[in-house]
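S.K.: Pasting a structure here, questions to come.
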């Protein structure tokens with residue numbers, strides 16, 4: 001009987017120790033999906049009609065490697081200034097984890113942004129963009145996929161920038177976030 005109690009005790013301790021109390025980006029998204037102060041949008045990659053666009057094989061490969069895009073934003077509307085600073089600090093803490101590699105930091109016209117990724121440099125599983133603006137709010141974007149290759153993602157971004165990919169279906173979302 002004592003051995004059974006010891007075994008159960010050891011199993012319970014092991015279970016409790018295996019639970020990670022550290023905040024994660026996934027948990028942050030889940031916890032804020034239903035929060036009225038936040039805008040949350042999940043976009044499947046199928047939102048872009050690939051039949052209507054001319055893409056190179058590399059660009060198609062990049063687009064097909066994307067599963068979905070999660071967007072979470074806290075617009076500075078109403079009385080959320082204090083919360084803005086708290087949420088910004090929480091996200092900074094999550095993204096400071098060593099599992100996220102920084103690709104670049106940039107800023108322009110009051111916007112501060114960081115682009116990070118998770119996975120191997122030639123096999124990215126997740127790309128994260130975190131942007132904040134002291135007057136507009138913050139936005140957190142996760143691009144989830146399998147085997148995303150940076151060089152193909154750059155080609156896809158260039159195709160979008162040149163207008164080769166019609167993102168008209170995303171216009172209403174941009175308007176919601178007050179993106180100019």
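Residue numbers (my numbering): 1 to 180.
Backbone N, C-alpha and C define an ideal beta-carbon position, used for all residues, glycine too.
Whether or not the stretch 124 to 132 and the stretch 84 to 99 are in contact is what I'm after, with contact meaning three or more pairs of Cβ atoms, one per stretch, closer than 8 Å; do they touch?
M.R.: A contact exists between the stretch 84 to 99 and the stretch 124 to 132.
S.K.: Cβ atoms of residue 115 and residue 68: under 8 Å apart, would you say?
M.R.: Taking 8 Å as the Cβ cut-off, residue 68 and residue 115 do not qualify as a contacting pair.
S.K.: Could you tell me how far apart the beta carbons of residue 84 and residue 76 are, in whole angstroms, since I believe they sit closer than 8 Å?
M.R.: Indeed they touch by this definition, with Cβ atoms about 6 Å apart.
S.K.: What does a CB cutoff of less than 8 Å around residue 146 pick up in its chain, not counting 5 residues either side in sequence?
M.R.: Contacts found: 65, 67 and 125.
S.K.: By the 10 Å Cβ neighbour count, where 16 or more other Cβ atoms means buried, how is residue 70 classified, buried or exposed?
M.R.: With 16 or more other Cβ atoms within 10 Å, it is buried.
S.K.: Take residue 110 and list the residues in its own chain whose beta-carbon comes closer than 6 Å to its own, dropping the five residues that flank it on each side.
M.R.: Once the five neighbours on either side are set aside, the close Cβ partners of residue 110 are 133.
S.K.: Residue range of the beta strand (DSSP E) that residue 108 falls in?
M.R.: Start and end: 101 to 108.
S.K.: Return the CA-CA distance between residue 35 and residue 54, expressed in angstroms with no decimal places.
M.R.: Those two C-alpha atoms are separated by around 39 Å.
S.K.: Quick check on the DSSP output: the alpha helix (DSSP H) that includes residue 42 runs from which residue to which?
M.R.: No alpha helix (DSSP H) contains residue 42, which is instead part of the beta strand (DSSP E) from 39 to 44.
S.K.: Whose CA, out of 148, 156 and 28, lies closest to the CA of residue 74?
M.R.: With distances taken between Cα atoms, residue 74 lies closest to 28.
S.K.: To the nearest angstrom, report how far apart residue 142 and residue 30 are at their CA atoms.
M.R.: Approximately 13 Å between the Cα atoms of the pair.
S.K.: Can residue 138 and residue 81 be called in contact, C-beta distance under 8 Å?
M.R.: No; because the gap between Cβ atoms is not below 8 Å, this pair is not in contact.
S.K.: In whole angstroms, give me the CA-to-CA distance for residue 118 and residue 108.
M.R.: The straight-line gap from Cα to Cα measures roughly 25 Å.
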